[in-house]
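Trainee: Line by line, the protein sequences give chains A and B.
Residue numbers for the first sequence follow full-length UniProt numbering, so the first one is 1 and each next one is one higher.
Residue numbers for the second sequence follow full-length UniProt numbering, so the first one is 1 and each next one is one higher.
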Amino acid sequence: MADLSSNFLGIKSPNPFWLASAPPTDKKINVLRALEAGWGGIVWKTLGSQVKNVSSRYSAVNFHGGKVMGFNNIELISDRPLQINLDEIKEVLRLFPDRAMIVSLMADNSRDSWHELIKKVEDTGAHGLELNFGCPHGMTERGMGAAVGQDPEIARMVVEWVMECATVPVITKLTPNVHSVVPTGKAVVEAGTNALSLINTIQSVTGINLDTLVPNPNVAGKSVFGGYCGPAVKPIALKFLTTLGQNELTKNVPVSGIGGVSTWKDAVEFMLLGATNVQVCTAVMTHGFRIIEDLCEGLSNWMDEKGFANATDFIGKSLPVMTNWEELDINYHIVANINQDKCIHCGLCYIACEDTAHQAINLSYGTPYNTYSIKEPECVGCNLCSLVCPVDNCITMIEQRKGDEYLNWKEFQKRGLPLNDH
Amino acid sequence: MAISDNRLSEEGYKSNFKDIHPPFENYTAAAVEANRCIFCYDAPCMKSCPTSIDVPKFIKQISTENIKGSAHTIFSSNIMGGGCSKVCPVEKLCEGACVYNLLEEEPIQIARLQRYSTEKAIKEKWPLFTRKPSTGKKVAVVGAGPAGLSCAHVLAREGVDVTIFEKEQRGGGLMTYGIAAYKVTPEFCQEEVDYILSLGGIEIEYGRTLGEDVHLHELEEEFDATFLGIGVGLTRTLGIPGEELQGVADAINFIYEIRTKPFNKIPVGNKVAVIGMGMTAIDAATQAKRLGAEEVTLIYRRTQEEMPCTEKELNIAKLDGCKIIWLASPKEIIGLGGKVSGVVCDIMALNPASAGQRKLPEPTGETIQLDVDMIIKATGQLPFEKLVNQNEFFNNNGRLIVDDQNETSIASIFAGGDCVNGGKEVVDAVQAGKDAAAGILNYLNIKPLPTEPLIINPLKL
C-alpha cells in the first residue's frame with residue numbers, strides 16, 4: 001500500500017488533499033464535516049480586511065450536457081467577524097490535531113495591518129499562512145488580492161512585511177491574471193516566502209442570460225467580472241505550475257497546486273509537474289466532501305500500480321520532458337490507425353480530418369455504415385481523429401519515424417532540409 | 001362464449017389504451033438523451049430513414065435549445081414527422097442503425113426526441129414554412145393519407161393550389177384509421193392534419209370517394225395534374241370454409257372501429273384468433289386483448305424468423321399476454337348457429353427455400369383445433385384492383401406502376417404510397433408523396449428552390 005501522507009514545509013497531513021481557501025472552508029461546521037470525511041488539510045477562507053458579500057455569487061459554464069465544467073464566483077473574503085473565525089480555527093485544531101490547518105490572509109495594505117493579523121492568527125496554533133495575492137474581484141479594486149499579485153514589487157514588499165513577523169511557514173498564492181507568474185513568484189521567493197501556491201481564479205464572464213441579457217451572476221440587474229475555476233482551468237493551472245518548476249529560483253520552494261483538481265488523476269498531474277500537494281474547491285462545491293474517498297483510493301491504487309511508495313517518488317517527474325518547441329524531434333512521425341473491429345462508423349474522424357485537417361481519411365460509402373481508413377501518406381499525425389473518436393483505443397497513433405536520428409528545428413534549418421511541398 | 005362490448009370500466013380502457021411510448025416530460029429529460037448523441041457524419045440513422053431526416057442535426061438542435069430549428073429540420077424531410085415519431089418501427093429504421101448498437105449500448109431514443117420537437121411545434125402551431133405566391137397551377141390529390149398530405153404540402157409550398165379528395169370524414173389515412181390507439185390518438189392525428197393544412201393552399205373535400213363521388217376524367221379536366229395516394233383496401237380473404245360466419249372480422253375494419261368509436265362500443269370475443277403476424281396483426285391482437293378479450297392467439301404459418309413484424313412489436317403482443325402459434329394455417333372455421341366456435345389449422349412445415357426465395361410453408365397433414373368465438377384476419381391488404389383496372393392503368397396485380405417521375409401510365413396522373421408499393425410504412429408513403437410532388441413540379445415546369453432556410457421573425461412568434 002502506498003503511503004499517502006504528505007509533508008509540506010513540515011506541515012503534515014494524512015494525505016496530500018487540502019481544501020482550498022474558499023466557501024467550503026468558511027466556517028467550523030463545514031470544516032468539521034470535511035475533516036470527518038477524511039480531508040488532509042484545510043486552508044481557512046481568507047481573513048483580513050472587513051467586507052460584506054452580495055447575494056447571487058456564483059455562475060457556471062456547462063458543456064454538452066455536463067454541469068459546471070467551469071465555475072465562477074464574485075464572493076469576497078470572509079465577511080464574518082475575525083474573532084469568530086479565530087475561535088473556530090482553534091476549536092478545529094483541537095478536534096483534529098493530525099490535519100493541516102493553514103489560514104489564508106489578506107490584510108489592508110499596511111505593514112501594521114499585516115503584522116496585527118498574523119499575530120492574531122498565529123495565536124490560534126495554525127500550522128501555516130497563505131497570502132491571498134490572487135483574488136481577482138472586489139478586493140483588487142481596493143488594491144488587494146490580485147492587485148498585489150500582479151505587481152512583483154508590491155508583492156515583494158508585502159511578503160517582506162509578513163516575513164518580519166511570521167513564525168510559521170508562509171505560502172504565497174499567485175494570481176493567474178498575468179502574462180507570467182514567474183516575475184511575482186521570483187519576487188516573493190526573494191522576499192522570503194517559504195512556498196508558493198497557484199492558481200487563484202481567472203477573471204471571467206461565464207455567460208449571459210439570453211432572456212434578460214444580463215451576464216451571470218445577476219446582482220439586481222448588474223454583473224461584474226468573477227473568478228473562474230473548476231475543471232476548465234486545469235490546463236492553465238498546469239502551465240503556470242510548470243513555469244515555476246522551470247525557473248531556477250522558484251523551483252527551490254514547494255508549490256501547492258490549485259486549479260480544477262476534481263479527480264485523483266488531476267492531482268497526480270499537478271504533482272508530476274512539481275506540486276507537493278493539491279488544493280481542491282470546485283469539485284467539493286459541486287459534489288460534497290465525500291469525493292475525498294475516491295481521491296485517496298485512486299491515488300493509492302495508481303501509486304501501487306506504478307510502484308511509487310511515497311508521493312516524493314513521483315513529484316516533478318514529468319517536468320524534465322517539458323521542453324522548448326525547437327528542441328522537439330522533427331524525425332518523430334506518427335500516423336493514425338483505425339481498428340476496423342472497434343469502429344462504429346460514426347464518421348467523426350472523417351469529417352474532422354476532411355474539413356479541418358489534412359484530408360487523410362478515406363470514406364467508402366455503405367448502407368447504412370460507411371467504412372473509414374487512413375491515407376497514411378497524407379496523415380501528419382496531428383491526433384485530431386483519435387481525439388474525436390468516441391471509442392476507446394479505436395484510433396491509435398502508430399510511430400513511423402522519418403529518420404533514425406534525433407533532428408531538431410535548428411539542425412533542420414542548418415542542413416537546409418526541404419519544407420512541405422503541398 | 002360470446003362477442004360483446006363494454007367489457008371494462010372507463011378506467012380500464014383508459015389504462016389499457018394509454019400512450020405506450022411516453023414522451024419526455026420536460027426539456028431536461030430530452031436534453032440528457034440529446035446529449036448522448038455523438039452527431040455522426042453521414043449518419044447511419046439518417047440513411048436508414050426513408051425520408052432521410054437529418055437526425056444528428058435535429059438532435060443537436062435539441063441540445064442547443066433550438067427546438068424550432070429542430071422541428072424545422074424534421075418537417076423539412078417529413079411533414080408527418082410527428083406521427084412517424086409515434087408509429088414508425090424505428091427498431092428496424094433509424095434506431096436500429098444507431099452506432100450505439102455496435103457498442104452494445106442502447107441506441108439514441110430518436111423517435112422520442114423527434115416527438116419532443118414535433119409535438120411542441122404542432123401544439124404551439126409554429127409557422128415553420130411559408131407558401132410561395134400562387135402559381136395558378138391546380139393539382140388534385142386523391143387520399144388525405146400520409147402520401148397525399150406529404151405530396152400536397154410540398155406542392156402547396158411551391159405555390160400550387162391543391163385540392164384533396166378524401167373518402168373519410170377526417171384526414172391522416174392509416175395514421176388516423178389504421179394504427180393501434182395506444183400508439184397515436186385520433187386527437188393527435190387531427191392536430192397533425194390541421195398543422196399540415198395551416199400552410200395554406202390546400203383544400204380538403206371530405207366524403208369524396210374516387211370512382212363514386214369523384215371521377216378521374218373530371219380531375220383530368222379540372223386540374224393540371226393529379227396525385228393518387230389511395231392506399232390499399234381490405235384484407236385478402238382466407239379462402240376457407242366458414243369465412244362467412246358471424247365473428248369473422250377484418251383487421252382493418254376492426255381497427256377502424258376502434259379509431260372511430262368509443263372503446264366500450266367495440267365488441268370483441270372471449271377467445272380471439274388473429275391470423276397473420278404483420279404489424280396490423282399485432283395491432284389487432286393487442287387491442288383485442290386490451291378491449292377485454294380473455295384469450296388472444298396469433299396464428300402464423302411460418303416461424304418467428306420469417307415474421308413481418310419487428311421483434312419489438314412481437315414483444316408488445318407477448319407482454320399483453322397474447323399467445324402465439326407458429327407454423328399453423330387456418331383450414332376451416334367451425335360455426336355453431338351461424339357463429340364462430342372454433343378454427344381448425346394445418347400444422348405446417350417449412351420447405352427449404354430455393355435461392356433468393358422465402359421458405360414455403362406446407363401442411364404436414366396434422367391439424368389442431370382452437371375453440372374461439374372471434375377471428376380477425378390480418379393477412380395483408382389488397383390493392384383497389386377493380387378501380388385500377390376500370391381506369392386502365394398499367395398495374396401489377398392491382399398495384400399501380402409508375403415511372404421514374406412517379407407518373408402512371410396515364411399522362412398527368414401521378415401516384416405513390418401503398419397503392420404503388422402494396423403496403424409499407426407510413427414513413428415510406430410520406431417519401432413517396434414527396435417524390436411524386438417532385439415529379440409533378442417537374443411536369444408543371446415549376447422549379448422548386450432548395451429547402452428553404454428557417455427564418456423566424458421573433459416578433460411574430
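By construction, the Cβ of each residue, glycine as well, lies at the ideal position given by its N, Cα and C atoms.
From a predicted model like this one, the values you see are computed outputs, not experimental measurements.
Tell me the rounded alpha-carbon separation between Glu248/A and Pro183/A.
Mentor: Sequence index remark: in the first sequence, residue 248/A carries index 248 (1-based). Sequence index remark: in the first sequence, residue 183/A carries index 183 (1-based). One C-alpha to the other measures close to 12 Å.
Trainee: Would you mind sorting Glu425/B into buried or exposed? The rule is 16 or more other CB atoms within 10 Å of its CB.
Mentor: Residue numbering aside, residue 425/B sits at position 425 when the second sequence is read from its first letter. Burial call: buried.
Trainee: So the alpha helix (DSSP H) Val32/B belongs to, where does it begin and stop?
Mentor: On the second sequence, residue 32/B is found 32 positions in, with the first residue counted as 1. Where Val32/B is concerned, the enclosing alpha helix (DSSP H) stretches over 27 to 34.
Trainee: Have a look at the DSSP bridge pairing and note the partners of Thr367/B.
Mentor: Looking up residue 367/B in the second sequence gives position 367. Partner(s): Asp346/B.
Trainee: Contact defined as beta carbons within less than 8 Å: I believe Arg290/B pairs with Asn16/B. What is the distance between those atoms, to the nearest angstrom?
Mentor: Reading the second sequence from its first residue, position 290 is the one you call residue 290/B. Reading the second sequence from its first residue, position 16 is the one you call residue 16/B. Correct: roughly 4 Å between the Cβ atoms.
Trainee: Mind the definition here: the segment 315 to 333 of chain B touches the segment 282 to 302 of chain B only if three or more C-beta pairs lie below 8 Å; say whether that holds.
Mentor: Yes: at least three Cβ pairs fall under 8 Å.
Trainee: If we require 4 or more residues per run, which alpha helix (DSSP H) segments fall completely within the segment 126 to 174 of chain A?
Mentor: Those alpha helix (DSSP H) runs which fall completely within the segment 126 to 174 of chain A and span 4+ residues are 146 to 149, 152 to 165.
Trainee: For the segment 379 to 396 of chain A, enumerate the residues whose C-beta is nearer than 8 Å to any C-beta of chain B, in chain order.
Mentor: Within the segment 379 to 396 of chain A, the residues whose Cβ lies closer than 8 Å to some Cβ of chain B are Pro390, Val391, listed in chain order.
Trainee: Quick one: any contact between the segment 255 to 267 of chain B and the segment 358 to 365 of chain B, if contact means 3 or more CB pairs under 8 Å?
Mentor: No contact exists between the segment 255 to 267 of chain B and the segment 358 to 365 of chain B.
Trainee: Go through its chain and collect everything with a Cβ distance to Glu313/B's Cβ below 8 Å, but skip five positions before and after it.
Mentor: Translated into the one-based positions of the second sequence, residue 313/B becomes position 313. Excluding positions up to five away in sequence, the list reads Pro89, Met279, Ile282.
Trainee: According to DSSP, Pro361/B sits in a beta bridge with which residue or residues?
Mentor: For the purposes of this step, residue 361/B is taken as the residue at position 361 of the second sequence. DSSP, once it has assigned bridges, lists Leu350/B as partnering Pro361/B.
Trainee: Are there 16 or more other CB atoms within 10 angstroms of the CB of residue 512/B, so buried, or fewer, so exposed?
Mentor: This structure cannot settle anything about residue 512/B, because the visible part of chain B is limited to 1 through 461.
Trainee: By the three-class DSSP mapping on this structure, what secondary structure does Gly227/A have?
Mentor: Walking along the first sequence from the start, residue 227/A turns up at place 227. Here Gly227/A sits in strand by DSSP.
Trainee: When DSSP builds the beta bridges, which residues end up paired with Leu327/B?
Mentor: Walking along the second sequence from the start, residue 327/B turns up at place 327. Note: Leu327/B sits in no beta bridge, so no partner.
Trainee: When the cut-off is 8 Å and only beta carbons count, does Pro241/B lie next to chain A?
Mentor: In the second sequence, the residue the question calls residue 241/B occupies position 241. No, no contact with chain A.
Trainee: Might you give, ordered along the chain, the residues of its own chain that have their beta carbon closer than 8 Å to the beta carbon of Ile62/B, omitting 5 neighbours on each side?
Mentor: To locate residue 62/B, count along the second sequence from 1; it is residue 62. So the qualifying residues of the chain are Ala30, Ala31, Ala34, Ser70, Leu113, Tyr116, Ser117.
Trainee: How many Å lie between Asn78/B and Asp428/B at the Cα?
Mentor: Indexing the second sequence from 1 puts residue 78/B at position 78. Indexing the second sequence from 1 puts residue 428/B at position 428. Asn78/B and Asp428/B: Cα-Cα distance of roughly 10 Å.
Trainee: Any contact between the segment 330 to 338 of chain B and the segment 230 to 242 of chain B? By contact I mean 3 or more CB pairs, one from each, below 8 Å.
Mentor: These segments touch.
Trainee: Taking all protein chains shown into account, do 16 or more other C-beta atoms lie within 10 angstroms of the C-beta of His345/A, making it buried, or fewer, making it exposed?
Mentor: The residue you call residue 345/A lines up with position 345 of the first sequence. By the neighbour-count rule (16 or more Cβ atoms within 10 Å), His345/A is buried.
Trainee: Quick one: which chain B residues come within Cβ less than 9 Å of Gly65/A?
Mentor: Along the first sequence, read from residue 1 onward, the residue named residue 65/A stands at position 65. Within chain B, the residues near Gly65/A are Ala31, Val32, Ala34, Asn35, Arg36, Ser63.
Trainee: Please return the same chain residues whose Cβ sits closer than 7 Å to the Cβ of Gln150/A, not counting the five positions on each side in sequence.
Mentor: Residue 150/A sits at position 150 when you count from the first residue of the first sequence. The answer, listed in chain order, is Thr175, Asn177, Val178.
Trainee: Residues of chain B with CB closer than 7 Å to the CB of Ile351/A, please, in chain order.
Mentor: In the first sequence, the residue the question calls residue 351/A occupies position 351. Those within 7 Å of Ile351/A in chain B are Tyr41.
Trainee: Output needed for Arg208/B: all residues of its chain with C-beta closer than 8 Å, excluding positions within five of it in sequence on either side, in chain order.
Mentor: Counting from 1 along the second sequence, the entry for residue 208/B is found at position 208. If we look at Arg208/B and ignore the five residues flanking it on each side, its Cβ neighbours are Phe165, Glu166, Lys167, Val214.
Trainee: So, do the segment 148 to 165 of chain A and the segment 220 to 228 of chain A have three or more beta carbon pairs nearer to each other than 8 Å?
Mentor: The answer is no - the segment 220 to 228 of chain A does not touch the segment 148 to 165 of chain A, with fewer than three Cβ pairs under 8 Å.
Trainee: Run down chain A in chain order and give the residues with a C-beta less than 7 Å from the C-beta of Pro44/B.
Mentor: In the second sequence, the residue the question calls residue 44/B occupies position 44. Correct list: His345, Pro368, Tyr369.
Trainee: Within its chain, find whatever has a CB closer than 6 Å to the CB of Ile67/B; leave out the 5 residues flanking it on each side and keep chain order.
Mentor: What you label residue 67/B is simply residue 67 of the second sequence in a count that begins at 1. Closer than 6 Å at the Cβ level, and outside the excluded window around Ile67/B, lie Ser117, Lys120.
Trainee: Looking only at C-alpha atoms, which of Ala273/B, Glu91/B, Met175/B, Asp42/B sits nearest to Leu149/B?
Mentor: As a first step, residue 149/B must be located in the second sequence, where it is residue number 149. Closest option to Leu149/B, Cα to Cα, is Met175/B.
Trainee: Give the DSSP-derived three-state secondary structure of Gly66/A in the structure shown.
Mentor: For the purposes of this step, residue 66/A is taken as residue 66 along the first sequence, with counting starting at 1. Three-state result, Gly66/A: strand.
Trainee: Taking only three categories from DSSP, how would you classify Lys317/A?
Mentor: The sequence position of residue 317/A within the first sequence is 317, counting from 1. Here Lys317/A sits in coil by DSSP.
Trainee: Look up Met106/A in the DSSP assignment and give the residues it is bridged to.
Mentor: In the first sequence, counting from the first residue as 1, residue 106/A sits at position 106. Answer is Gly48/A.
Trainee: Tell whether a beta-carbon distance below 8 Å holds between residue 426/A and Gly274/A.
Mentor: Limits of chain A in this structure are 1 at one end and 422 at the other, which puts residue 426/A out of reach.
Trainee: Can you name the residues of chain A whose CB is closer than 8 Å to the CB of Ser48/B?
Mentor: Start at 1 with the first residue of the second sequence, and residue 48/B comes out as number 48. Near Ser48/B (Cβ distances below 8 Å), the residues of chain A are Pro368.
Trainee: Please give the ranges of any alpha helix (DSSP H) in the UniProt domain "4Fe-4S ferredoxin-type" (370 to 400) of chain A, keeping only runs that are unbroken, at least 4 residues long and fully inside the region.
Mentor: DSSP runs (the alpha helix (DSSP H)) wholly in the UniProt domain "4Fe-4S ferredoxin-type" (370 to 400) of chain A: 384 to 388.
Trainee: Counting only beta-carbon atoms, is Leu213/A nearer than 8 Å to chain B?
Mentor: Taking the first sequence and counting its residues from 1, the one referred to as residue 213/A is at position 213. Not one chain B Cβ lies under 8 Å of Leu213/A.
Trainee: Closest by CA to Arg80/A, which one among Glu326/A, Pro215/A, Asp26/A, Ser373/A?
Mentor: Looking up residue 80/A in the first sequence gives position 80. Out of Glu326/A, Pro215/A, Asp26/A, Ser373/A, Asp26/A has the C-alpha closest to the C-alpha of Arg80/A.
Trainee: Am I right that Val278/A and Val261/A are in contact with their C-beta atoms under 8 Å? What's the rounded C-beta distance?
Mentor: As a position in the first sequence, residue 278/A is number 278, starting the count at 1. As a position in the first sequence, residue 261/A is number 261, starting the count at 1. Going by Cβ atoms, the distance from Val278/A to Val261/A rounds to 5 Å, so yes, they are a contact pair.
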